[in-house]
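Numbering (the numbering used here), first residue to last: 702 to 993.
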């Protein structure tokens, strides 16, 4: 699960995170990661795995990994079809490459990710430091490690839903909304005002924002949807019985983005209607039509 730095507004009431390190009690990086893992586990109400230290990588390595993962998870024929549809709808320019645009977006924004296949958590740190942005990123990605341990992220069928993008986006919204919710609770409980300001400033870096302004809206909207709409969806679930309701959602996964945007549709099991296209559809429309 790759995560861009997304700050959402919500007002969780996290449990007491325990004592934080003070200047007289400096902690090494491994101890800081263990402390954050314990705090996030308590907030989320899920037992922690034995290993909590991440693998720290640089920007060059994350781009290499993203390229490999993208090509593995997105068959060229599926990308070609999606690109043709987007261009037909005017969502991409005629000479745009969907693959190149997506990789530019992810490469500029991703600052950490958890790989459920490798069972490994990666933090991107160009300078090798462990500042507030790296700690926030770890808090978010560690939620994914907890999700995988307790709910089996590979079992959610995200890879099998490449051709069913709306259902895939709905399930991803539960996963990312859950992580964003817990991440925000951890930030409020554990970062100072100055540290929160530093995180916001780094997320507003002009070079990053310039890339965002150039990218097609369809990519930005679908990339941010799981974090923003997902966090709102999870907040609605939590208003019922806390994270127990979120846990239950992994046993009854959302089936459409309609259910994410309109929680009543999820609660009432308002399911999407399958649509099939008959083989002779072009002929029924008249001359000059073909199926793309």
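The beta-carbon is built from N, C-alpha and C at its ideal position, and this holds for glycine as well. Remember, predicted model here, so these are calculated numbers, not experimental data.
- Contact between residue 758 and residue 823 holds, since their C-beta atoms are separated by about 5 Å, short of 8 Å.
- Distance from the CA of residue 960 to the CA of residue 978, rounded to the nearest whole angstrom, comes to 24 Å.
- Two segments are said to touch when three or more pairs of C-beta atoms, one from each, lie closer than 8 Å; by this definition the region 764-783 does not touch the region 964-971.
- Ranked by how close their Cα comes to the Cα of residue 853, the residues 921, 988 and 951 have 951 in first place.
- Contact between residue 957 and residue 871 holds, since their C-beta atoms are separated by about 5 Å, short of 8 Å.
- The beta carbons of residue 810 and residue 909 sit closer together than 8 Å.
- When DSSP states are grouped into helix, strand and coil, residue 748 belongs to the coil group.
- The C-alpha of residue 944 lies about 33 Å from the C-alpha of residue 913.
- Here DSSP, grouped into helix, strand and coil, assigns residue 734 to helix.
- Inclusion of residue 931 and residue 881 in the CB contact set at 8 Å is warranted, their separation being smaller than that value.
- Restricting attention to alpha helix (DSSP H) runs no shorter than 4 residues, the region 741-805 encloses them at 760-774 and 777-789, ordered along the chain.
- If you draw a straight line from the Cα of residue 887 to the Cα of residue 739, it comes to about 11 Å.
- Pairing residue 812 with residue 834, the inter-Cα distance amounts to about 9 Å.
- With distances taken between CA atoms, residue 926 lies nearest to 877 out of 949, 940 and 877.
- Around the beta carbon of residue 975, fewer than 16 other beta carbons lie within 10 angstroms, which makes this residue exposed.
- The alpha-carbon separation between residue 953 and residue 929 amounts to approximately 21 Å.
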